[in-house]
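When you read off a place in the sequence shown, starting at 1, and then add 35, the result is the number in this note's numbering.
Notes for the one structure printed next.
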Amino acid sequence: MRTIVWFIYFWLYLLFKWPAMHKGLKALEQGDWATGDALAARWVPDWAGKLLRLAGVTITVTGKENIPAGRPCVFVGNHRSYYDIPLMLTQLDAPHALVAKKEVGKIPLVRGWMRLLHCVFLDREDARKAMASLNEATENLKKGYSVVIFPEGTRNKGEEGSLLEFKGGAFRIATKAKAPLVPVAITGSRDIMENNGGWMKPAHVTIQILPAIETEALSREELKELPQRTARLIGEQLQKNKG
């Protein structure tokens, strides 16, 4: 019953807020980004937060003080569950743009709100289009919009605490924009749904926001090692949580 109610609420909320989304998209077309930003900041975390509560999710967050104040950042998190998206939209300092696979950009109503968040959609089958999306995210960073990306590229279905290889896109975005990189370790999100055969059950999620990595002054060798360094930091935190 919880799962059925969740899906009904998911779509009813988006339908009810369609006028707000339409207003924001119209403003965006007219170059009024401030109106779109305000609507996204108000309604996106409200929607995502209510979905988490309906699913019975409780959350412990530590390390918000590690988010550089007043500066756009690239948040890099491990990816275990579809729920990592509402978690990142609600548990950071504000909802931020996501770098998402292109298929997400085809979902009715969802894609409109993602446009208001300045999300970019990655075509992993077309290298040129993928690079254009990463460049778009970089330009948005330079305009002051933080970005959330899961560098594993897909949900990790392995055991809790494990990581897939980190791909380089997130790190190119941060280094090109000379923006700080903020590692985020998420534990327990798979227990909400994926570990239950697709049915939602109450679960507790732990999120650690780790100290930011400044990218501007890194040497060429340090830049090359940045994906592995970030994966190591997140992996060490995940293992502490597991233990």
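Cβ coordinates follow ideal geometry from the N, Cα and C atoms, glycine included.
These numbers come from a predicted model, not from an experiment.
What are the complete alpha helix (DSSP H) segments, minimum 4 residues, inside the segment 125-187? The alpha helix (DSSP H) runs of length 4 or more contained entirely in the segment 125-187 are, from start to end of the chain, 145-151 and 162-177.
Take the Cβ of H57 as the centre, count every other Cβ of all protein chains shown within 10 Å, and call the residue buried at 16 or more, exposed below. With fewer than 16 Cβ atoms within 10 Å of its Cβ, H57 is classed as exposed.
Item checked: Distance between beta carbons of H114 and S181, contact taken as under 8 Å -> Not really, about 18 Å apart at Cβ, beyond 8 Å.
* Relative to the alpha-carbon of V96, which residue among V240, K275, A247 and L268 has its alpha-carbon at the smallest distance? -> If we check each option's Cα against that of V96, V240 comes out closest.
Using the Cβ count rule (16 or more neighbours within 10 Å means buried), how would you classify L47? Result: exposed.
query: Between L169 and the rest of its own chain, which residues show a CB-CB distance below 8 Å, the 5 nearest in sequence each way excluded?
result: Scanning its chain for C-beta atoms nearer than 8 Å, with the 5 sequence neighbours on each side dropped, one finds around L169 the residues V134, V155, L157, G204, R207 and I208, in chain order.
Notebook entry, point to check: Among all the DSSP beta bridges, which residues are the ones paired with V219?
Noted result: BP columns for V219 point to G112 and I244.
Review point. If we count Cβ pairs, one from each stretch, closer than 8 Å, do we get three or more for the segment 146-153 versus the segment 66-84?
Key: Touching, yes, given that three or more Cβ pairs across the two stretches are closer than 8 Å.
For the ligand NAP, I want to know if K211 counts as a neighbour, meaning its beta carbon is within less than 7 Å of at least one of the ligand's heavy atoms. Absent from the structure shown: the ligand NAP. Ligands present: none.
**Asked** Helix, strand or coil for I227 per DSSP?
**Response** Note: I227 maps to coil in three-state DSSP.
Is A266 closer than 8 Å to L216 when the C-beta atoms are compared?
-> For L216 and A266, no; Cβs fall outside 8 Å.
Can you pull the DSSP bridge partners for I94?
-> Per DSSP, V240.
Notebook entry, point to check: DSSP on M123, reduced to helix/strand/coil?
Noted result: Helix, per DSSP.
| What are the start and end residues of the alpha helix (DSSP H) that includes R37? | R37: member of the alpha helix (DSSP H) spanning R37 to F51, first to last residue.
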